[in-house]
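Chemist:
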Amino acid sequence: MSDTVILMHPFDEAVRLEPVGEGVFRGATSPAYWNMAGPFGGATAAIMLKAVMDHPARRGRPAAQTVNFCAAVAEGAFEVHVRLVRDGRSTQHWQVEMRQGEGVATTASVVTAAERDTWAHAPAAPPPMPPPEDLPKFDTGGRAGWRGRYEFRYERGAPAVFEGGAEAPQPAQSRNWVRDEPPRPLDFVALASICDTFVVKILQVRGDVPPVGTVSLTTYFMADEAALARQGARPVLGVSDVRAFRHGFNDQSAEIWSDDGQLLAVSHQVVWFKG
Numbered sequence: 665m666s667d668t669v670i671l672m673h674p675f676d677e678a679v680r681l682e683p684v685g686e687g688v689f690r691g692a693t694s695p696a697y698w699n700m701a702g703p704f705g706g707a708t709a710a711i712m713l714k715a716v717m718d719h720p721a722r723r724g725r726p727a728a729q730t731v732n733f734c735a736a737v738a739e740g741a742f743e744v745h746v747r748l749v750r751d752g753r754s755t756q757h758w759q760v761e762m763r764q765g766e767g768v769a770t771t772a773s774v775v776t777a778a779e780r781d782t783w784a785h786a787p788a789a790p791p792p793m794p795p796p797e798d799l800p801k802f803d804t805g806g807r808a809g810w811r812g813r814y815e816f817r818y819e820r821g822a823p824a825v826f827e828g829g830a831e832a833p834q835p836a837q838s839r840n841w842v843r844d845e846p847p848r849p850l851d852f853v854a855l856a857s858i859c860d861t862f863v864v865k866i867l868q869v870r871g872d873v874p875p876v877g878t879v880s881l882t883t884y885f886m887a888d889e890a891a892l893a894r895q896g897a898r899p900v901l902g903v904s905d906v907r908a909f910r911h912g913f914n915d916q917s918a919e920i921w922s923d924d925g926q927l928l929a930v931s932h933q934v935v936w937f938k939g
C-alpha cells in the first residue's frame with residue numbers, strides 16, 4: 665500500500681467549487697490568494713469562470729468574460745449561481761453571480777464558443793523580451809499574499825514605492841514573465857486569473873497606493889485548448905499599460921502571450937482610486 669499523499673495545488677484549492685443545486689455551486693475564499701482587503705480579483709474572476717466551465721450544459725471554450733466587482737468579498741463561504749441565458753449554435757451566453765448572505769458581491773457574463781477551424785490572421789506580435797531565465801525573480805516577500813502564488817520576472821515596470829510621482833509620473837507600461845507558483849499547467853481558469861496579476865498602475869506611475877480597486881474586468885480568450893497544452897507550466901509573457909487617470913478612475917489593458925509568440929488573451933479593466 666502506497667503512503668504517497670497527493671496535495672492539491674493552491675490555485676485549484678482556491679477555485680474549488682461544490683455543486684449544491686441546479687446551477688448553484690458553493691466555495692470559500694482562500695488565504696493563499698488574499699489581497700489587502702479581500703480576495704485577489706484574479707482568483708475571483710477564475711472562480712466565476714470555473715462555475716461556467718463546471719456547468720453540465722456548457723459547450724465549447726471561453727471566448728469572453730466580464731467580471732463586475734460589486735462589493736468586497738468577505739472571508740469565508742460563498743455561493744455562485746450560474747444561468748444559461750442564450751444557447752446558440754456557435755456561442756452560449758451565461759450570467760453568473762457570487763452571493764454571500766443576502767447580497768451579491770460579484771457578477772459576471774461569460775461567452776463560450778464552439779471550436780471551429782477558420783481563416784486566421786495575427787498582425788500583432790509580442791515585444792522583444794529576454795528569456796525568463798535571464799531575468800531575476802521578483803521578491804514578493806512582505807507583499808499581499810496572492811503575489812507569492814506567482815513567479816514574476818520583470819523586464820520593465822516592476823512595482824516600487826517612491827516619492828514625488830504625482831508631480832513627475834513614471835512610465836506605465838510593464839513587461840514581465842509570470843507563472844503560477846508552484847508551477848501549474850496553464851488552463852482557461854488559470855489564464856483568467858493571470859490576466860489580473862499586473863500591479864495597479866497608480867503604484868507604477870505615482871509610486872504610492874491610495875485606496876484602489878478594480879471595478880470591472882473584461883478578458884477575451886484568444887487561445888484554444890491546444891495552445892494552452894503546448895504552453896504547459898512554462899512562464900507566459902504579460903504586457904500591460906494605461907492610457908489615462910481621470911475623475912478617480914483609470915483604464916488598464918493587458919496582453920498575455922505564450923513563450924512561442926502566440927497571443928493567448930487580451931484584458932481590459934477600469935480601476936477606481938481615491939485622491
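Following this note's numbering, the numbering of the sequence shown begins with 665 at its first residue and continues without gaps. Using N, Cα and C, we set each Cβ at its ideal position, and we do this for glycine too.
1) Could I get the ranges of all uninterrupted beta strand (DSSP E) runs contained in the region 817–852, with 3 residues as the minimum, in chain order?
2) Helix, strand or coil for Trp758? Go by DSSP, reduced to three states.
3) Here's a check: name, in chain order, each residue in its chain whose Cβ is nearer than 6 Å to the Cβ of Pro683, leaving out the five neighbours to either side.
4) Excluding the five sequence neighbours on either side, which residues of its own chain have a C-beta within less than 8 Å of the C-beta of Pro833, listed in chain order?
5) Starting from Thr708, trace the alpha helix (DSSP H) both ways and give me its first and last residue.
6) Out of curiosity, what's the CA-to-CA distance linking Met665 and Tyr818?
7) Return helix, strand or coil for Arg725, following the three-state DSSP convention.
8) Val900 by DSSP, collapsed to three states: which one?
9) For the beta strand (DSSP E) containing Glu919, name the first residue and the last one.
10) By the three-class DSSP mapping on this structure, what secondary structure does Trp810 have?
11) Would the region 783–790 and the region 914–929 be scored as touching if the rule is three or more Cβ pairs under 8 Å?
12) Please identify the residue among Glu743, Arg780 and Val935 whose C-alpha is closest to the C-alpha of Gly767.
13) DSSP has Trp698 in a bridge; who is on the other side?
14) Sorted by chain position, which residues of the same chain lie with C-beta nearer than 6 Å to Ala887's C-beta, five sequence neighbours on each side aside?
15) Does the pairing of the region 759–775 with the region 703–716 give three or more beta-carbon distances under 8 Å?
16) In whole angstroms, what is the alpha-carbon distance linking Trp810 and His745?
17) Counting beta carbon pairs with one atom in the region 844–852 and one in the region 887–898, are three or more of them shorter than 8 Å?
18) Would you give the residue range spanned by the beta strand (DSSP E) that Leu927 belongs to?
19) Are there 16 or more other CB atoms within 10 angstroms of the CB of Leu681, so buried, or fewer, so exposed?
20) Closest to Ser917 by C-alpha separation, out of Thr883, Asp923 and Lys938, would be which residue?
21) Do Glu815 and Arg839 have their C-beta atoms within less than 7 Å of each other?
22) Alpha carbon to alpha carbon, what distance is there between Pro792 and Ser857?
Modeler: On the basis of the coordinates in this document:
1) Counting only runs of 3 or more, we get 838–844.
2) The sequence position of residue 758 within the sequence shown is 94, counting from 1. Strand, per DSSP.
3) Numbered from 1 along the sequence shown, position 19 holds the residue referred to as residue 683. Around Pro683: Phe689.
4) For the purposes of this step, residue 833 is taken as the residue at position 169 of the sequence shown. Excluding sequence neighbours, Pro833 sits near Val869 and Arg870.
5) Taking the sequence shown and counting its residues from 1, the one referred to as residue 708 is at position 44. Its alpha helix (DSSP H) spans residues Gly705 to Met717.
6) Here the question's residue 665 lines up with position 1 in the sequence shown. Here the question's residue 818 lines up with position 154 in the sequence shown. Its pLDDT being 46, under 50, Met665 is placed unreliably in this model, and the value from its coordinates should be taken loosely. Per the coordinates, the alpha-carbon of Met665 lies some 46 Å from the alpha-carbon of Tyr818.
7) By one-based count along the sequence shown, residue 725 stands at place 61. Annotated three-state conformation of Arg725 is strand, per DSSP.
8) As a position in the sequence shown, residue 900 is number 236, starting the count at 1. DSSP places Val900 in strand when its eight states are reduced to three.
9) Within the sequence shown, residue 919 is the residue found at index 255, counting from 1. Bounds of the beta strand (DSSP E) holding Glu919 are Phe913 to Trp921.
10) Indexing the sequence shown from 1 puts residue 810 at position 146. In the structure shown, Trp810 sits in a helix (DSSP, three-state: H, G or I).
11) Flag = yes, the region 783–790 and the region 914–929 touch.
12) By one-based count along the sequence shown, residue 767 stands at place 103. With respect to the C-alpha of Gly767, the residue from Glu743, Arg780 and Val935 having the closest C-alpha is Glu743.
13) Walking along the sequence shown from the start, residue 698 turns up at place 34. Under DSSP, Trp698 takes part in a beta bridge, and its partners are Pro703.
14) Sequence index remark: in the sequence shown, residue 887 carries index 223 (1-based). For Ala887, where only same-chain residues beyond five positions count, the Cβ hits under 6 Å are Leu928.
15) With the cut-off at 8 Å, the region 759–775 and the region 703–716 touch.
16) As a position in the sequence shown, residue 810 is number 146, starting the count at 1. As a position in the sequence shown, residue 745 is number 81, starting the count at 1. Rounded to the nearest angstrom, the two C-alpha atoms are 25 Å apart.
17) Touching, per the Cβ criterion.
18) Stepping through the sequence shown from its first residue, residue 927 is reached at position 263. From DSSP, the beta strand (DSSP E) with Leu927 extends over Leu927 to Phe937.
19) As a position in the sequence shown, residue 681 is number 17, starting the count at 1. Here Leu681 is buried. Its C-beta has 16 or more other C-beta atoms within 10 Å.
20) Your numbering for residue 917 matches position 253 in the sequence shown. When Thr883, Asp923 and Lys938 are compared, the shortest CA-CA separation from Ser917 is found for Thr883.
21) Working through the sequence shown from its first residue, we reach residue 815 at position 151. Working through the sequence shown from its first residue, we reach residue 839 at position 175. Arg839 sits away from Glu815, with the two beta carbons spaced by 7 Å or more.
22) Working through the sequence shown from its first residue, we reach residue 857 at position 193. Working through the sequence shown from its first residue, we reach residue 792 at position 128. Taking the straight line joining both Cα atoms gives about 24 Å.
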